[in-house]
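Okay, so here's the structure we're looking at.
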Amino acid sequence: MKREREIIKTSIIGILVNLILVAFKATVGLIVNSIAIVLDAINNLSDALSSIITIIGTKIASKAPDKEHPYGHGRIEYISAIVIAFLIFIAGITSFKESVSKILDSEPANYTTVSLIIVFVAVIVKLFLGNFVKNKGEKYNSTNLIASGTDALFDAIISFSTFVAAIISILFNISLEGYLGLVISILIIKSSYEILKDTLSEIIGERIDSSITKKVKEIVTSYDDVEGAYDLILHSYGTNNMIGSIHIQVDDNMKASEIHTLSKKIESKVFEKLGIILTVGIYANNSSDKNAKTAKEKLKKIIKEYKDILELHGFYMYDNKITFDLIISFEADDRNQIKEEVLNKMKELYPNYIIYCNIDSDYSDR
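Here numbering that gives the first Met the number 0 is used: the first residue of the sequence shown is 0, the next is one more, and so on.
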């Protein structure tokens with residue numbers, strides 16, 4: 000699989016570059032007695048470990064579905080991201096302790112021209128590496144690569160601040176080593192927190208990106224017999240592995256065979272274009288019932304009174320029954336109360352009908 004190969008290849012490049020930087024920075028840091036450079040080296044080491052975990056996670060995530068995991072193993076990438084966040088956090092705590100010790104027991108660094116050149120070159124290398132990895136991550140939709148690339152660009156800033164501190168130390172004989180190390184360690188800890196927060200948010204279940212839902216609905220509504228598309232729900236089981244469902248509104252005079260053919264066409268096209276496994280449900284539309292059309296218009300007038308009602312769909316009138324769905328905003332104070340008020344107003348207008356209303360959640364952009 001091309002995506003897997005490219006992610007692994009990019010991660011290996013990141014590992015090699017970071018290990019080279021670790022060797023140079025650690026050596027220079029110890030020789031010139033610079034805690035900031037040593038901590039910068041530790042940060043690069045954590046980046047190398049992160050790339051190793053990315054490779055392992057990608058390999059496991061690409062395993063084919065099996066009986067125990069019918070949706071595949073894609074979500075293992077979330078676990079690998081949590082491990083990466085934990086490693087970065089440990090590096091940050093270690094850096095924090097060392098920086099505090101350096102402040103309490105300050106010993107001036109002895110910078111040389113060679114050490115300054117190495118630090119400056121590291122800045123340039125990290126800038127190129129960060130852009131390279133991040134671009135690859137965006138191209139192949141890899142959260143881990145994007146995070147690694149962003150982190151590398153962030154490291155370039157840290158290395159540059161180390162370089163500036165060295166210049167200040169040489170020109171003004173002011174030691175900022177411990178304090179700079181403290182700032183670096185706090186930024187490292189912050190970085191781990193952000194990775195963990197973003198990953199947990201994905202595990203909990205985030206709203207699907209509007210660009211994806213828009214493409215799905217564009218495909219679904221491109222068929223002439225589809226009068227509307229609603230209730231789009233998508234579940235992610237890892238990158239490029241989505242399963243979901245959608246309801247389409249069709250003329251209530253359509254035959255079962257026609258609906259079956261239409262549903263299969265939609266499901267096939269969505270999978271072909273977007274790689275999403277989609278199940279299609281049906282809402283019937285009262286196409287030739289004037290009484291139903293009047294009732295729907297009256298209902299629309301009622302819901303205009305409520306700013307928290309985002310959408311009406313699935314309206315159908317048959318026998319002595321009326322059914323419809325409402326999407327009510329998550330920000331509404333009491334969604335059930337709004338539903339009951341709408342129902343009561345409709346019952347006043349149609350006392351001889353049994354009226355059902357279902358509250359749909361605002362899962363995706365309409």
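Ideal placement from N, C-alpha and C gives every residue a C-beta, glycine not left out.
Of all C-beta pairs linking the stretch 21–32 to the stretch 58–68, fewer than three are shorter than 8 Å, placing the two stretches out of contact. Boundaries of the alpha helix (DSSP H) around I11: K1 to V31. The beta-carbon distance between I81 and S45, rounded to whole angstroms, is 14 Å. This is too long to meet the 8 Å contact definition. Taking all protein chains in view, the Cβ of V113 is surrounded by fewer than 16 other Cβ atoms within 10 Å, so the residue is classified as exposed.
The Cβ-Cβ distance between I14 and A40 does not fall below 8 Å. In the assembly as shown, Q336 is an exposed residue. Its beta-carbon has fewer than 16 other beta-carbons within 10 Å. Sequence-distant partners of P64 (beyond 5 residues in either direction) whose C-beta falls short of 7 Å from its own C-beta, in its chain, are Y70 and G71. DSSP places I308 inside the beta strand (DSSP E), whose first and last residues are I308 to Y317. Bridge partners of Y355 according to DSSP: T322. When C-beta atoms of the stretch 89–99 are compared with those of the stretch 183–203, three or more pairs fall below 8 Å, so the two segments count as touching. Leaving aside the five residues that flank I78 on each side, the residues in its chain whose CB is nearer than 8 Å to its CB run, in chain order, G56. For L144, the enclosing alpha helix (DSSP H) covers residues T142 to F171. Between I301 and M345, the gap from beta carbon to beta carbon is short of 8 Å. For T278, the uninterrupted beta strand (DSSP E) run begins and ends at I275 to N284, by DSSP.
For the 8 Å CB-CB criterion, A294 and Y349 form a contact.
G136 is the residue among I166, V31 and G136 whose C-alpha sits nearest the C-alpha of K1. Looking at the backbone, the Cα of S94 and that of K125 are separated by about 20 Å. For L231, the enclosing beta strand (DSSP E) stretches over residues G227 to S235.
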